[in-house]
Structure formats: structure tokens, C-alpha cells
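Reading through the C-alpha cells given below for one structure.
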Amino acid sequence: MSASSVQHSDDGHAHGHGHGHDGEFSHPMPIWMLLAVFFALLILTCLTVYQSQFDLGNMEIWASLTIATVKAGLVIAFFMHLLWDKPLNMIIILGSLIFVALFLGFTMMDADGYRENLIMNETLQESQPPAVNVAVSK
Amino acid sequence: MTTTVAHDTSANHQVEGHEHPSWLAHHFDDEQQQFDAGKMGMWLFLVTEVLFFSGMFCAYALYRNRNPEVFEFCSRFLNEKLGAINTGVLLFSSLTMAWAVRSSQLRETKTLIGMLGATLGCAAIFLGVKAVEYSHKWGLGLFPGKFFQSQLEHPVHTDNNYLWNLSIVPMILLVCFALYYAYGVIIASKFHQRVAGPLVIAALCFFGGVGLGTFLESEEHEEGSPVTHNATGEHAAHADHDHEHDHAQEHAVAESVKPAINFVAVDSTGMHDDVAVTPAELVTPVSAVNQKGMAGLFFSIYYCMTGVHAVHILGGMAVLTWLIVKAARFEFHSKYFGPVDNVGLYWHLVDFIWIFLFPLLYLIT
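These protein sequence lines are chains A and B, in that order.
Sequence positions in the first sequence follow the working numbering and run -15 to 122.
Sequence positions in the second sequence follow the working numbering and run 18 to 382.
Right, here's the structure in full:
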């Protein structure tokens, strides 16, 4: 069983996706690899909880996002088996992530653009005259 | 199911000169084509899921960028410990799901059912912990948007039934699954027992999750209220660890050094009794952030993101149950494991989303 799985994994490595002989296309992940990925994910979770105790200021969000991205990368590459998947599937999912980046990036750029004119919450700005609101809406 | 139908309708025909096996739908040339087509469809679905969630992440990014102090303040109501435990539970369920895919490819049906059952159980634990989190927040009046009712300055000790209400459906399911298992035993059907066993355990796991969540909440509760009154004293048993004592002492020292009556901080548990007077540098003025439309906004985003995620967990549990039924019929083998693989992809995506949700919501400092 384990011998055959090694066989398949070599096959998968060589071809990028597992199309073997006589219609054999399954690629069972070796157990040690699953466990290694799981423990790596656990360690990274502990790391992100640990780092949240320090006050890193503006860097804090980037630190936690970096760790989260590494974890997500591990999940996608190994648990979701993308490393051995067809290149088309890789393009599909990575393409979606690029579109998410575009979506978030342009929205944030836009938000920063009108940030100074915007009053988010009138209850916080009760002393301000309503004229400012009119200026915003034009 | 569909493959069986396809087989029945085309069994009399000759497809490309040979009869195709029962697991191969007749419009596919071979098993690999069937598998690849299904998998590509699944990836496309996951793309729509990623884009769907990205809308909520966008709302999060916009509002956090604009009101960082609101997010920092409100994040204290979220219990980091529960979030971390849930992260671990989800990661473990991803491990068992990936293992289930492996077992289905190797035709180890017992392992497969066990792994699917473990995944289902982890999902139930996750939801149990979530139920504890939600019911605590609802008890505090931390509702989304305009329903937000601040009870921070004047905490009200209400005996709410939220947790009980959330447990009704799992209880009914537990009874149903137990009856189903008993039925399987009575008619001596191995198939029904193989299906019902994991379901009963998963339903029990929900209450395990509730117990775990309640325990951790009360532990945090004890830790966070060294100087405030403990109305019931029922949670006094759990604060034995040194770490917690240190934490408690820090609190007490900090509070004795610089009492600032105008500032109110709430510890991360969101428990009623945690409202304590703490030094000014640790807190944000309540009047600035704790307003309708501001704190409520954070909780709108919180409930929306975690709630939609929880709905995805529920959906995942439904398809996992379907997989257990199919696995109990010994349907999966090295040429037909597409359903397990595709549900696995979906399950890992749900895990993927949580990996980002956890630090973004729970770990804001």
C-alpha cells in the first residue's frame, strides 16, 4: 500500500498531474506529509496568537496576514492537492486570488482618495455643521 | 446516485464498444475524464466562493481602515482562546478530510468512514464552540447594527436562554440519529450502523463543543475579573494555572496604580462581570466607540462573516453525511473518488477562510 502510494507520488511529481498507466490517476498523499502539514499549521497558529500579544502598531496586521497567507498556502498546496493538480486548476484558483487583490486594492485606493471628505458617523461629529455632509455628497 | 441512473439507462447500449462500469457516467470517455471534469467544476465553484467572501473582507478592510479604534475596542469582546481552539479544530478536520481522500483512493473503507466521521465531529465541535460565543454576545446585547444594545456601563445580569435555544436542533438530531442507530441494530443492518454511528458521535460532539466553550469562557471569566464582583462565584474552580495568576495580578496591579473612572474596558470574554475599571492607556473612551452604528457596525461585520462561514460549515456537514452514506455502500475506489476529493476541496476552502477570519477578527490589538 505504502509502496504503491510512493509510486504514485513520484508519478505525480514527474507529470505535474497524475495520469498514470492503465487509467490510474489517483494520487494518495503519504500520511507523513499530511501530518507534517497539519503540525506546521498548528505551529503557525500558535505563532500568530503569540505575535498578537506584542504591540507592533501598523505592522501588526501585516504580520498576522503574512502568517495567515503562509497557512493558506500550505492548505491549498498540500491539503487541496494543488501541487499535483492540473495546471489549469492552478491558474483558475490563483487567478481568483489576483482578482480579489485587484478588488480590495482598488477599493482601498478609492477609499483613501475621498477619506478626508468623508464623515463616517454623524454621532461622533455632532459639533460639526451639517454643511460638511453636503460637501461630501456632491 | 446519478451514475447509477446513467448506468441503468445505458446498460443495454454499447458505449464505444464496451459496457461502462457503474461508477462511470455514460457521457464520459473514461474515469479520469470524469474525475477531471468534476474537479475543474469544483475549482470554479471555489473561485465563486472566494470572490463571494472577498466582498465581506472588503467591507471589513474599509471599515477597519476608517475606524481602527472601533475594531480594536470591539475585538476585546471576542474570546481569543475560543477562536484559537476553533482554529485548531478546523485544522484537524482538514487533516482528517485529506486523510479521507487518501483512504478513498486506497479503498480503505473503514478508515474512510472513520475519517469522514471525524471531520463531521470536528465540524460539530466548531459549531458548539461558536454557539457558546454567540450566546454570550447576545446575552450582552452585542447585536449587529441597530440592534446593538450597549450594556457595558451598566451590565445587566440576564439569564438568557440563547445557548439552550441553539441546542434544540442538535438535541433533536441527536435523538433522531440515536433512534436510527437503534433501528440499524434491531434489523441487524451493518449498513445502517455504519451510517448512524458517525452521525450519533457527531451530534454528541456538538455538545462536547458546547461544554468546551463554556469551560473556556468561564476560565477566561475568572481570569478577567479579579477585582470586579463575581456575581455567582460558580466559575471559581478553574483558575489554577500560574499563567492565569500572573495575568490576574497584572490586572490588579495595573488597576490599583491608575484608576480612571471615565474609562471602561471590557475583557476579551464579553462576559457580564468582566467590566472593570482599567488604566487609560489600555482603553479607548467608551463614549467614542461604544455607540450605535459604530460598535454595532463591527458586530454586523463579525456576525456576517462568521455566520456565513458557519453556514458553509453546515453545508459541508450535509455533504459529509452524503459521503458517509456512499462510503458505507463501498462506492469509492481508486477510479471513483471524485466526490470525496471535491467535498475535501470545499472543506479545505472553508478552513482557508477561517484561517484569515481568525487573526482578523479575534487578534486585533
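Yeah, the Cβ is synthetic: ideal placement off N, Cα and C, and Gly gets one too.
None of the values given here were measured: they were computed from a predicted structure.
Can you find a CB in chain A that lies within less than 8 Å of the CB of G75 (chain B)? According to the sequence as given, residue 75 (chain B) is Cys; it is not Gly. Cβ-Cβ to chain A under 8 Å: yes for C75 (chain B).
Can you look up H365 (chain B) in the DSSP assignment and give me helix, strand or coil? In the three-state reduction of the DSSP assignment, H365 (chain B) falls in the helix class.
So does the stretch 340 to 358 of chain B actually touch the stretch 127 to 137 of chain B, counting three or more Cβ pairs closer than 8 Å? The stretch 127 to 137 of chain B and the stretch 340 to 358 of chain B touch, with three or more beta-carbon pairs separated by less than 8 Å.
Alpha-carbon to alpha-carbon, E89 (chain B) and F87 (chain A): C-alpha of F87 (chain A) to C-alpha of E89 (chain B): approximately 25 Å in a straight line.
Please report the residue range of the alpha helix (DSSP H) in which D39 (chain A) lies. Neither: D39 (chain A) is in no alpha helix (DSSP H) and is coded neither H nor E.
CB of F94 (chain B) within 8 Å of CB of K147 (chain B), strictly: It is not a contact, given that the beta carbons lie outside the stated cut-off.
Contained alpha helix (DSSP H) runs [length at least 4] in the stretch 70 to 109 of chain B, N- to C-terminal order: Residue ranges of uninterrupted alpha helix (DSSP H) with 4 or more members, entirely inside the stretch 70 to 109 of chain B and ordered along the chain, are 85 to 91.
Cα-Cα separation, H209 (chain B) to L58 (chain A): Within the model, the alpha-carbon separation for H209 (chain B) versus L58 (chain A) is close to 37 Å.
Report the three-state DSSP secondary structure of H11 (chain A) (helix, strand or coil). It is coil, neither helix nor strand.
To the nearest angstrom, report how far apart A293 (chain B) and W116 (chain B) are at their CA atoms. Because A293 (chain B) carries a pLDDT of 41, less than 50, the predicted location of this residue cannot be relied on, and no value is offered for it.
When you compare only the Cα positions, how much space is there between D46 (chain B) and T128 (chain B)? The alpha-carbon atoms of D46 (chain B) and T128 (chain B) are separated by roughly 30 Å.
For the alpha helix (DSSP H) that contains A335 (chain B), what are its first and last residues? Residue range 312 to 345 is occupied by the alpha helix (DSSP H) that includes A335 (chain B).
Flag this pair as yes or no: are the beta carbons of S317 (chain B) and G162 (chain B) separated by less than 8 Å? Taking C-beta atoms as the reference points, S317 (chain B) and G162 (chain B) count as a pair closer than 8 Å.
Give the interface partners of H365 (chain B) over in chain E, defined as CB-CB distance under 7 Å, in chain order. Among the chains of the structure shown, chain E does not appear; the protein chains present are A and B.
Excluding the five sequence neighbours on either side, which residues of its own chain have a C-beta within less than 7 Å of the C-beta of G225 (chain B), listed in chain order? Excluding positions up to five away in sequence, the list reads I142, G145.
Segment contact flag, the stretch 22 to 33 of chain A with the stretch 343 to 354 of chain B, C-beta cutoff 8 Å, min 3 pairs: No, they do not touch.
Using 10 angstroms around the beta-carbon of L99 (chain B), count the other beta-carbons present and answer buried if the total reaches 16, otherwise exposed. Buried, since its Cβ has 16 or more Cβ neighbours within 10 Å.
Taking Q35 (chain A) and S48 (chain A) to be in contact with their CB atoms under 8 Å, please state how far apart those CB atoms are, rounded to whole angstroms. Sure, about 7 Å apart at Cβ, within 8 Å.
Check the Cβ of S383 (chain B) against every Cβ in chain A and list those closer than 9 Å, keeping chain order. It is not possible to answer for residue 383 (chain B), since the shown part of chain B is limited to 18 through 382.
Report back the beta-carbon spacing between C139 (chain B) and T113 (chain B) to the nearest angstrom; my notes put them in contact at under 8 Å. About 7 Å; that satisfies the 8 Å criterion.
N73 (chain A) touches chain B at which residues, Cβ-Cβ below 8 Å? Proximity of chain B to N73 (chain A) at the Cβ level (cut-off 8 Å) is accounted for by K56, M57, W60, in chain order.
Since I believe L108 (chain B) is in contact with F90 (chain A) (beta carbons under 8 Å), could you give me their beta-carbon distance rounded to a whole number of angstroms? Actually they are not in contact, since the Cβ atoms of F90 (chain A) and L108 (chain B) sit about 32 Å apart, beyond 8 Å.
Quick one: using the 10 Å Cβ neighbour count with 16 as the cut-off for buried, is L337 (chain B) buried or exposed? With 16 or more other Cβ atoms within 10 Å, it is buried.
Give the straight-line distance between the Cα atoms of L374 (chain B) and E8 (chain A), rounded to the nearest whole angstrom. In a straight line, the C-alpha of L374 (chain B) is about 38 Å away from that of E8 (chain A).
Please confirm whether N82 (chain B) has its beta-carbon closer than 8 Å to some beta-carbon of chain A. At least one chain A Cβ lies under 8 Å of N82 (chain B).
Touching or not, the stretch 50 to 66 of chain A and the stretch 358 to 374 of chain B, by the rule of three or more beta carbon pairs under 8 Å? The stretch 50 to 66 of chain A is in contact with the stretch 358 to 374 of chain B.
Check for me: the alpha helix (DSSP H) holding W155 (chain B) runs from which residue to which? Where W155 (chain B) is concerned, the enclosing alpha helix (DSSP H) stretches over 126 to 156.
Quick check: what's the CA-CA separation for P85 (chain B) versus Y319 (chain B)? Take the alpha-carbon of P85 (chain B) and the one of Y319 (chain B): they are about 15 Å apart.
Proximal residues, the stretch 20 to 34 of chain A versus chain B, C-beta separation under 7 Å: Those residues of the stretch 20 to 34 of chain A placed with their C-beta closer than 7 Å to a C-beta in chain B are F22, L25, L26, T29, T32, V33, ordered along the chain.
H350 (chain B) (DSSP reduced to helix, strand or coil): Strand, per DSSP.
Does M114 (chain B) come out as helix, strand or coil in the three-state DSSP assignment? Note: M114 (chain B) maps to helix in three-state DSSP.
When DSSP labels each residue in this structure, what does F375 (chain B) get in the three-state scheme? Collapsing the DSSP output to three states places F375 (chain B) in a helix.
Which of the residues in the stretch 88 to 109 of chain B, read from start to end, lie with their CB under 8 Å from any CB of chain A? So the close ones are E97, A101, T104, G105, L108, F109.
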